[in-house]
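Protein sequences appear in the order of chains A and B.
For the first sequence, the residue numbers in our numbering are 247 to 529.
For the second sequence, the residue numbers in our numbering are 354 to 462.
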Amino acid sequence: MSLSQLATQSARAAARLRADCRVGPADAVCPFDLAERLGLLVHLVPVPSMEGMYAPVPRPTILVSAERPPGRRRYTCGHEIGHHVFGHGTRLDELADDASTSWSPEEFVAHRFASGLLMPKLAVESAFARRGLSVSAPRAEDVLVVAQDLGVGYATLVGHLERTLGCVSSAAADTLRKSSLPRLRSLLAGFKIDHDLVVADEHWGRRPIDIEVGDVVLVPRSAEFEGDCAIRDLNPASHLRATAPGVGKVVFSAGPPIAIRVSRREFAGLARYRHVEEAADDR
Amino acid sequence: MSTVGERLRLAREQAGLSQGQVARMLSMHRPTISEIEAGRRRVTAEELATFARIYEVSVAWLSGADAEDDDIDDRVRLAARELAKLKPADLDKILNLLATMRQPKGPKR
């Protein structure tokens, strides 16, 4: 089978799974939630020297390194779901954006499956369009905002826009890759950001806002927050700062409330427990 | 060979839960979980099944029963050979985690 046939097969399988799980064609999706719905066990593991693993026995299980950036963890989870959907055997994965390392048809299929699951064309275009941003000539800060909306890494989205969707030229992609993410985050927020930054407003999709303790979510001044997992602050800009594991919700002036789920930094354990509140006597 | 209490502690930590969180999930007091893991309080079969469900491990592994003599190790080791960067200590962590899900030996067919 040719590369383009494999790519088409992978994208179709991802679209089918999204449809089966009632994920709208333009919606972003949390791969950890999706894996659980498929009956897969998902463990975040303190194993720094791999990206992820799929093991069909003793029971279908996905392991994802807890020590990778959040976007990378989600992408890896999507990749391992691909191995599961295609019935591949035990796979230990070391990923690169272009799947250039340890290349095999199975790795290529899982890589393209993850792209189709997390960044289908309609979802990417919609995330830019809802915000009135250009998908063909995006600024670095636009890419960062959309990458967070889709739940993938900045560099992963740049590569996807360039190589898979063909929206941006190689020269433009190279320019985007030169941006410093810490600088970009601080520029967007207007104050220094030590960890991750998410920009959320009424244009945010349906996926919960998944962040870690210490991360910041920029929200409109009119937004309301309910929960104990973050603190609301209006200065120097309107934002939420995640303070403890747990689940809250943010209500924007339009659209449905969006869940905010906070986990410990580099949480290791069953993915389903990453947002469980700490017990009072554990602190 | 580790005790049931030690395996319960390992399974809990592997699931990413604190004693307090587990106590809250099961409507127990945190010291009860602590006593169980320290081997100072017996665990009923029903409780063991509940812990196994919460931690997603097999009752057989928690009880220390012989594991199924399968080829999980070989499969994972084979897959790991593709990764030059995978450290032996990390491979051990993966194998130990998968071992906690194993089912007991069944009758030979």
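Just so it is clear, CB atoms sit at the ideal spot from N, CA and C, and this is done for glycine as well.
Do residue i and residue j have their C-beta atoms within less than 7 angstroms of each other?
i      : j      : result
L290/A : F513/A : yes
G324/A : P271/A : no
A419/A : E408/A : yes
L287/A : E409/B : yes
Q372/B : I389/B : no
E387/A : L430/A : yes
R360/B : L415/B : yes
A488/A : G436/A : no
A476/A : L486/A : yes
A505/A : P428/A : no
G362/A : A260/A : yes
G317/A : V398/A : yes
G358/B : A398/B : no
V355/A : F332/A : yes
To the nearest angstrom, how far is the alpha carbon of residue i from that of residue j?
i      : j      : result
T307/A : R467/A : 42 angstroms
V375/B : R320/A : 26 angstroms
D527/A : V508/A : 19 angstroms
R337/A : A469/A : 44 angstroms
V522/A : V493/A : 8 angstroms
F471/A : E448/A : 13 angstroms
R452/A : A369/A : 11 angstroms
D426/B : R305/A : 14 angstroms
K446/B : V462/A : 32 angstroms
A402/B : V412/B : 6 angstroms
R377/B : G369/B : 14 angstroms
G335/A : S248/A : 22 angstroms
A432/B : L443/A : 36 angstroms
V404/A : P302/A : 32 angstroms
F359/A : C267/A : 15 angstroms
P503/A : K495/A : 6 angstroms
W349/A : H406/A : 18 angstroms
List the residues that DSSP assigns as beta-bridge partners of residue i.
i      : result
L290/A : V310/A and G515/A
L442/B : With the sequence shown as reference, residue 442/B is identified as Ala, and Leu is not the correct amino acid for it. Its beta-bridge partners do not exist; DSSP assigns none.
L337/A : Going by the sequence as given, residue 337/A is Arg instead of Leu. In the DSSP output, where bridge partners are listed per residue, R337/A has Y300/A.
S509/A : E458/A
G242/A : No statement about residue 242/A is possible, as the shown extent of chain A runs from 247 to 529 and does not include it.
L464/A : V445/A and H485/A
D479/A : H485/A
F278/A : Paired residue(s): none; F278/A is not in a bridge.
F359/A : BP columns for F359/A are empty, so no partner.
E409/B : Answer is none; E409/B lacks a bridge partner.
F471/A : V496/A
task = Could you run through the region 430-451 of chain B and flag, in chain order, every residue whose CB is less than 8 angstroms away from some CB of chain A?
result = Within the region 430-451 of chain B, the qualifying residues are L431, A432, A433, E435, L436, K438, L439, K440, D443, K446, I447, L450 and L451.
task = Indicate whether the contact test is met: 3 or more Cβ pairs, each with one atom in the region 292-304 of chain A and one in the region 426-446 of chain B, closer than 8 angstroms.
result = Yes: at least three Cβ pairs fall under 8 angstroms.
request  = Return the residues of the region 503-522 of chain A that lie within a Cβ-Cβ distance of less than 8 angstroms from chain B, sorted by chain order.
outcome  = Near chain B, meaning a CB-to-CB distance below 8 angstroms, the residues of the region 503-522 of chain A are F513, A514, G515, L516, Y519, R520 and V522.
Segment contact flag, the region 390-410 of chain A with the region 361-381 of chain A, C-beta cutoff 8 angstroms, min 3 pairs = Using a Cβ-Cβ distance cut-off of 8 angstroms, the region 390-410 of chain A and the region 361-381 of chain A are in contact, since at least three pairs of beta carbons, one from each stretch, lie closer than that value.
key: Members of the region 291-304 of chain A that neighbour chain B once the beta carbon cut-off is set at 8 angstroms   = Of all residues in the region 291-304 of chain A, only V291, P292, V293, P294, S295, M296, M299, A301, V303 and P304 come within less than 8 angstroms of chain B when Cβ atoms are compared, listed by chain position.
request  = Identify each residue in the region 312-333 of chain A for which the Cβ-Cβ distance to at least one residue of chain B is less than 8 angstroms, and report them in chain order.
outcome  = Across the region 312-333 of chain A, no CB contact with chain B closer than 8 angstroms is found for any residue.
ask   = Taking a cut of 7 angstroms between CB atoms, which residues from the region 254-287 of chain A lie near chain B?
value = Listed by position along the chain: L287.
Members of the region 369-381 of chain B near chain A, C-beta cut-off 9 angstroms = Answer set for the region 369-381 of chain B: G369, L370, S371, Q372, G373, Q374, V375, A376, R377 and M378.
task = Using a Cβ-Cβ cut-off of less than 9 angstroms, list which residues of the region 360-389 of chain A approach chain B; keep chain order.
result = Under the 9 angstroms Cβ criterion, the region 360-389 of chain A contributes no residue.
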